[in-house]
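Engineer: Per the numbering used here, the very first residue in the sequence shown carries number 510; after that it's consecutive.
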Amino acid sequence: MSWHSHPEVYKGFYTIKKPLIWEEHHRWWTLTTEYWKKFMVILVEKDIERPIGLIRIAPLEDFSPQIGFTIGEVSLWGNGYGKQAIHLVLQWLRENGYKHTHTSVLKSNTRAINLLEGLGFKKYGEARKGEFWFQRKL
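(1) Would you mind giving the Cβ-Cβ distance between I564 and Y590, rounded to the nearest angstrom? I have them listed as a contact below 8 Å.
(2) Do you know whose CA, among I595, L585, N588, E558, lies nearest I566's CA?
(3) Determine the extent of the alpha helix (DSSP H) in which G606 is found, giving its start and end residues.
(4) Return the chain-ordered list of same chain residues with a C-beta closer than 8 Å to the C-beta of Q650, the five sequence neighbours on each side being excluded.
(5) Please name the residue or residues paired with E640 in a DSSP beta bridge.
(6) Hey, quick one: how far does the beta strand (DSSP E) through I564 stretch, first residue to last?
(7) At a cut-off of 8 Å, would you count R536 as near the ligand ATP, judging by its Cβ distance to the nearest heavy atom?
(8) When you compare only the Cα positions, how much space is there between G627 and R620?
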């Protein structure tokens with residue numbers, strides 16, 4: 510997960526303001542409960558598979574689980590991988606009986622804002638200071 514240490518990636522996170530070392534990331538990953546669903550975004554090129562991002566959904570017991578997403582391979586930004594991955598997660602949520610989902614994005618993250626709006630998410634105001642709150646019906 511070296512891309513969590515890339516400044517262009519972690520500047521899009523609300524709480525991470527410095528490179529994330531593997532042990533910190535692993536601790537967070539393993540502390541999440543059964544109420545979380547985690548997907549690794551895998552790019553397959555010419556029979557080679559490599560992780561390029563993460564999508565997290567939580568809490569699963571909520572009527573409107575939150576989606577968190579990262580495409581960490583900066584060189585692949587703008588190629589539609591995030592859009593494809595979120596589209597598949599929206600499909601998974603629908604197939605599992607959910608009617609709504611939401612997410613929050615830093616106001617400065619115009620790339621993510623454009624992505625969410627392009628996928629039908631609606632901005633409903635501020636989540637935390639400096640963050641927009643988005644919701645979507647499924």
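Note that beta-carbon positions come from the ideal geometry of N, C-alpha and C, so glycine has one too.
Structural biologist: This is what the structure holds:
(1) That pair is no contact at about 11 Å.
(2) Selected option, being the one with the closest Cα: I595.
(3) Per DSSP, G606 belongs to no alpha helix (DSSP H) and is neither H nor E.
(4) The shown model of the chain, from 510 to 647, leaves out residue 650, and the question about it has no answer.
(5) BP columns for E640 point to L615.
(6) 557 to 567
(7) Looking at this structure, you won't find the ligand ATP or any other ligand, since it has none at all.
(8) 11 Å
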